[in-house]
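The sequence shown finishes on residue 328 if you use our numbering, and the numbering steps up by one all the way, no holes.
Structure record follows, encoded as structure tokens.
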Amino acid sequence: MDHHNDKKKIVLIGAGFVGMSFAYALLDAHICEELGIIDIDKKRAEGEAMDLSHGLAFSGGNMKIYAAEYSDCRDADLAVICAGVPQKPGESRIDLLHKNSRVFDEIVGSVVASGFDGIFLVATNPVDIMTALTREKSGFPAHRVIGSGTTLDTARLRYLLGRYFSVDPRNIHAYVMGEHGDSEFVPWSQAFVATKNVLSICKQHEEFTEEGLDDIAHQVKTAAYRIIEAKRATYYGIGMALLRIARAILNNEGSVLTVSAYLTGEYGQQNVNVGVPCVIGREGIRRVIEVDLTDEEQEKFAASCDYLRNVRAEMDQ
Ligand code: NAD
């Protein structure tokens, strides 16, 4: 990380829906002084930088926003990767993975070649695999390569639980853990309204049920499918999730967020990037938090990790 420069700088790679939703949220966030935007479509990056900068007059911030080159990553604090190729109809998941892996060869290679010494934040899907590839391709220490993981899923969960219990989502403490995808799960033993566990609330109040909770977990898991069916892509939610993570890093907050982290024995797992609650600060992932899972939850987590390791191994075949 560049400590000679006290101005905070973010370079965004991928000026599509997700990248630009994050960039738009940055306008009013006041967490950095500089935002460089890179896209393989240079003209698009230029147009986005112009359009976005015209909003600055109304935001009360004074960021420098511009279409960047990879050399601009040299003194950046954060490189946020939202670039990717869309899945073509009929294309297999593994074909798409190979394509995105080649895209990441170019992106991660160019960022590292600039002399970049900051933190990678990855949103491109499948995010746990793309985060693992970023770690491998960059050779950076694992705590400086962060995937958005299940932060968005966790936000969706808290929002829905807040509605269910008629409580402010900020007073709901619950996580979605595992793969950002079909094998993710909610450890209900670790879900609380204030400091009261949701399962004991269900036992004490008949208007709240475990079926109700399972329905919420299902809604969280299928939210992306439903949004994509309705409007083809999801981006505002992930844009805000990326902002939340970027803020925790740049402001050294020590916030607990369910990012995709590399495990080295936590939860009995290793050699996998997966969504787990982590303490996030200036150094990236300060610590992985090992919440107490029940045996059944531990099995679900292990299955999700197995799935991710298998996908990664499948790519090398
Ligand atoms: P998009 O197609 O709108 O944008 C992708 C951008 O990447 C395009 O502007 C494209 O030109 C650019 N790009 C492609 N190859 C590049 C390269 N080699 N170098 C630089 N730029 C390149 O897609 P989107 O809707 O913004 O989605 C981006 C990614 O975010 C997808 O992988 C999507 O699945 C993912 N996503 C993740 C989450 C999450 O929770 N992690 C949520 C929503 C979407």
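All residues carry an ideal CB built from backbone N, CA and C; glycine is no exception.
query	result
Inter-residue Cα distance where the pair is F131 and V96	19 Å
Reference L253, options D17, Y170, M31, K19, closest by Cα	M31
Span separating the alpha-carbon of Q201 from that of I183	11 Å
G72 beta carbon less than 7 Å from that of H41	yes
DSSP bridge partner residues for T269 (one or two, in chain order)	P288
Proximity test, Cβ basis, 7 Å: I51 and chain C	The displayed structure is made up of one protein chain only, and chain C is not part of it.
Validate contact between the segment 154-173 and the segment 282-298 using beta carbons, cut 8 Å, 3 pairs	yes
Same chain only: Cβ atoms within 6 Å of D17, ignoring 5 sequence neighbours per side	none
Entirely enclosed beta strand (DSSP E) segments - the segment 121-170, minimum 3 residues	130-133, 156-158
Near ligand 1: C316 beta-carbon under 6 Å from a heavy atom	no
Proximity winner among I118, D62, V138, relative to L319 (alpha-carbon distances)	V138
Contact belief for A90 with V22 at Cβ below 8 Å, rounded distance in angstroms	5 Å
Distance between R293 and N262 (C-alpha atoms, nearest Å)	7 Å
Span separating the alpha-carbon of T165 from that of T269	7 Å
N-terminal and C-terminal residue of the beta strand (DSSP E) that G30 is part of	No beta strand (DSSP E) contains G30, which is instead part of the alpha helix (DSSP H) from 28-38.
P100, buried or exposed, once every other Cβ within 10 Å from all chains shown has been counted against 16	exposed
7 Å CB neighbourhood of R181 in its chain, flanking five on each side removed	none
First through last residue of the alpha helix (DSSP H) which encompasses L261	247-261
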